[in-house]
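Report on the structure given below.
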Amino acid sequence: MRLINRTAAVIKPRQPYVDWANSFQGAAGVVSLEEVRSNATALLIPEFDCPADGRDFLEENFTLIFDNQLAAWSADGKTWPKNRDLDLFRQWFDLEVHELVYDVAEEPIEIED
397 MRLINRTAAV
407 IKPRQPYVDW
417 ANSFQGAAGV
427 VSLEEVRSNA
437 TALLIPEFDC
447 PADGRDFLEE
457 NFTLIFDNQL
467 AAWSADGKTW
477 PKNRDLDLFR
487 QWFDLEVHEL
497 VYDVAEEPIE
507 IED
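In structure tokens form, the structure reads like this:
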């Protein structure tokens, strides 16, 4: 087990995101808040000494994160909210920042393009 020089961030959807996702999924594709929060996106971000700095980094990069979360449900940008600003991002997602990140796998990390 090795401590790595990254901070972990977890992006947890809130109800407005789920409402948006369900608005075009059809009856068979309806998901619950519990489902999407239990399988939240984890990101490796630069190493920070305190969670507040990690949150600042996430908010500075919210556009990339927001677009990635929307694309997970719809590749059609026409279905995305028109005004994707930081306030909307905060309404749609909770952010968790974890300072200690360990790599317990023996295999090297593979990066996909």
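All you need for the working numbering is the position in the sequence shown, starting with 1, plus 396. Beta carbons are placed, not taken as given, at the ideal position from N, Cα and C, and that holds for glycine. Being a predicted model, the structure only gives us computed values, none of them experimental.
Given a threshold of 16 other Cβ atoms within 10 Å of its Cβ, counted over all protein chains shown, does G473 qualify as buried or as exposed?
exposed
Are the CB atoms of W488 and R433 nearer to each other than 7 Å?
no
Are V406 and A448 close, meaning C-beta to C-beta below 7 Å?
no
Go ahead and label A438 buried or exposed: buried means 16 or more other beta carbons lie within 10 angstroms of its beta carbon, across all protein chains shown.
exposed
Among V414, M397, D509, which has the Cα closest to the Cα of Q465?
V414
Report, in whole angstroms, the separation of the C-beta atoms of R402 and E443, which I expect to be a contact under 8 Å.
6 Å
Looking at the secondary structure, which residues open and close the beta strand (DSSP E) in which L496 lies?
Here L496 belongs to no beta strand (DSSP E), and DSSP marks it neither H nor E.
Let me confirm a value: V493 is counted as buried when at least 16 other C-beta atoms fall within 10 Å, else exposed. Which label applies?
buried
Tell me which residues share the same chain as L460 and place their Cβ nearer than 6 Å to its Cβ, disregarding the 5 neighbours each side in the sequence.
none
Below 8 Å CB to CB, which residues in the same chain sit around S428 once its five sequence neighbours on both sides are set aside?
V414
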